[in-house]
């Protein structure tokens, strides 16, 4: 019998060695389903080899299939660990090999949260080839997902970025099927955000990527939120997320709010506006934090206004609140920061609705700062440059949206 531990050490190398070929050949001779092999360890190391040395794909793929022929039903869940690898060809090889597991091929897999989670995540992989194989596996699994999302929440915090992104989409998909679990799941996401908000002894914010994916999950969940969920999410954004210390996370959280307003704002102005107004009426206990949150709430308020007809009396309430906030004493750099943020979203956001919301927010801000702020903060120059940008349709469209909103808000005082 061969000494597997020595082979495992060689194959665990991060790059190809001169021994790899010989070790793999020996390993491939010992794949018989009836042999007492450390199959799960062998699968794990072959996933590693496949990720580190893609050129072995032609030989490692069939070996994975053979190994899986000897797996028992209780070994199905750990065998699917390849689903969580960042390399596409490894995920695909893992899923194809899983079809060879007797319990799966015979459709006799017992209901199991780990198995369901792994296949469900693969089912929502952005790569079509992976999702198609996962769909076949899901049919063979032939069980409901259920309401235990513990595996999905672990995946949301996974070290690999691709897993975090897919897990957030997979979570939203299952919430769509089980809407009664939405509030509890939101509470879990908020708890994960709080868990990842601490700064270590070295003063390094190592939890920002965890908070980033919470923002992704909330953004994806906008479609499935119900009216009663809106105050819960908006209160979380205002009380915590809009003041995030990480610029990327903070920007994503602002986009979460804009997305929610875009999806649900039209029918919920009377529900959402008081939430924003309540915060803006508060006195600042922490000036720096207040300015960050205020920036987001002003953008939300501007985005909410776009759902109203200009003749709607609620528009006046929204605009008046914007003007009140903007005219409150603040440092010049705070004003510049707000305008810069709005212009950046206007020109760079991938979503039309986010650019449109930024246009409304910008128009309200400029009206509050006064017509001179167009020149003072370089707004007019940025908009003209965006309009003339030959290589970016987003910039041209964003500029047009802003010009339209400025014309409406400033009237005869504004000349494009």
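Numbering (our numbering), first residue to last: 10 to 425.
Glycine is no exception: its CB is placed at the ideal position from the N, C-alpha and C atoms.
Sorted by chain position, which residues of the same chain lie with C-beta nearer than 8 angstroms to residue i's C-beta, five sequence neighbours on each side aside?
i: residue 186; result: 154
i: residue 26; result: 19
i: residue 224; result: 250, 258, 261, 262, 264, 265
i: residue 139; result: 97, 100, 101, 104, 131
i: residue 233; result: 181, 184, 185, 188, 191
i: residue 460; result: Past the edges of the chain, shown from 10 to 425, lies residue 460, and the structure says nothing about it.
Could you compute how far the alpha carbon of residue i sits from the alpha carbon of residue j?
i: residue 109; j: residue 235; result: 42 angstroms
i: residue 221; j: residue 44; result: 46 angstroms
i: residue 402; j: residue 392; result: 13 angstroms
i: residue 231; j: residue 36; result: 49 angstroms
i: residue 218; j: residue 164; result: 13 angstroms
i: residue 310; j: residue 370; result: 7 angstroms
i: residue 413; j: residue 288; result: 29 angstroms
i: residue 120; j: residue 150; result: 8 angstroms
i: residue 247; j: residue 95; result: 34 angstroms
i: residue 239; j: residue 194; result: 14 angstroms
i: residue 127; j: residue 174; result: 14 angstroms
i: residue 362; j: residue 381; result: 27 angstroms
i: residue 299; j: residue 170; result: 31 angstroms
i: residue 199; j: residue 15; result: 45 angstroms
i: residue 28; j: residue 204; result: 44 angstroms
i: residue 269; j: residue 122; result: 31 angstroms
i: residue 22; j: residue 63; result: 14 angstroms
Using only alpha-carbon positions, find the residue among the options that is nearest to residue i.
i: residue 303; options: 286, 19, 21, 314; result: 286
i: residue 34; options: 65, 132, 169, 350; result: 65
i: residue 156; options: 47, 181, 132; result: 181
i: residue 124; options: 24, 385, 152; result: 152
i: residue 41; options: 60, 351, 80; result: 80
i: residue 267; options: 383, 49, 166, 355; result: 355
i: residue 48; options: 31, 158, 17, 142; result: 17
i: residue 183; options: 168, 202, 158; result: 158
i: residue 306; options: 275, 315, 365, 243; result: 243
i: residue 13; options: 54, 23, 30, 24; result: 54
i: residue 364; options: 381, 410, 382, 273; result: 410
i: residue 351; options: 308, 384, 274, 390; result: 308
i: residue 360; options: 291, 298, 272, 400; result: 272
i: residue 388; options: 398, 349, 190, 397; result: 349
i: residue 176; options: 384, 160, 188; result: 160
i: residue 31; options: 399, 68, 353; result: 68
i: residue 188; options: 148, 206, 237; result: 237
Beta-carbon within less than 7 angstroms of residue i's beta-carbon, same chain only, minus the 5 sequence neighbours each way: which residues are those?
i: residue 112; result: 82, 85, 118
i: residue 52; result: 73, 76, 88
i: residue 395; result: 356, 404, 405, 407, 408
i: residue 341; result: Summary for residue 341: the model assigns pLDDT 43, below 50, so the residue's position carries little reliability; its value from the coordinates is reported in the next sentence. Nothing meets the Cβ criterion.
i: residue 24; result: 61
i: residue 146; result: 104, 107, 108, 113, 128
Under 8 angstroms by Cβ, that's how I've got residue i and residue j pegged, so tell me the actual separation to the nearest angstrom.
i: residue 97; j: residue 144; result: Not a contact, Cβ separation roughly 17 angstroms.
i: residue 104; j: residue 92; result: 7 angstroms
i: residue 282; j: residue 313; result: 6 angstroms
i: residue 133; j: residue 178; result: 5 angstroms
i: residue 245; j: residue 197; result: 12 angstroms between Cβ atoms; not a contact.
i: residue 367; j: residue 358; result: 7 angstroms
i: residue 386; j: residue 345; result: 6 angstroms
i: residue 256; j: residue 316; result: That belief does not hold up - the Cβ atoms of residue 256 and residue 316 are roughly 28 angstroms apart, past 8 angstroms.
i: residue 57; j: residue 46; result: With 8 angstroms as the limit, residue 57 and residue 46 do not qualify as a contact, their Cβ atoms being about 17 angstroms apart.
i: residue 191; j: residue 166; result: About 20 angstroms separates the two Cβ atoms, so there is no contact after all.
Excluding sequence positions up to five away, which residues of its chain have a Cβ less than 6 angstroms from the Cβ of residue i?
i: residue 70; result: 102
i: residue 274; result: 313, 316
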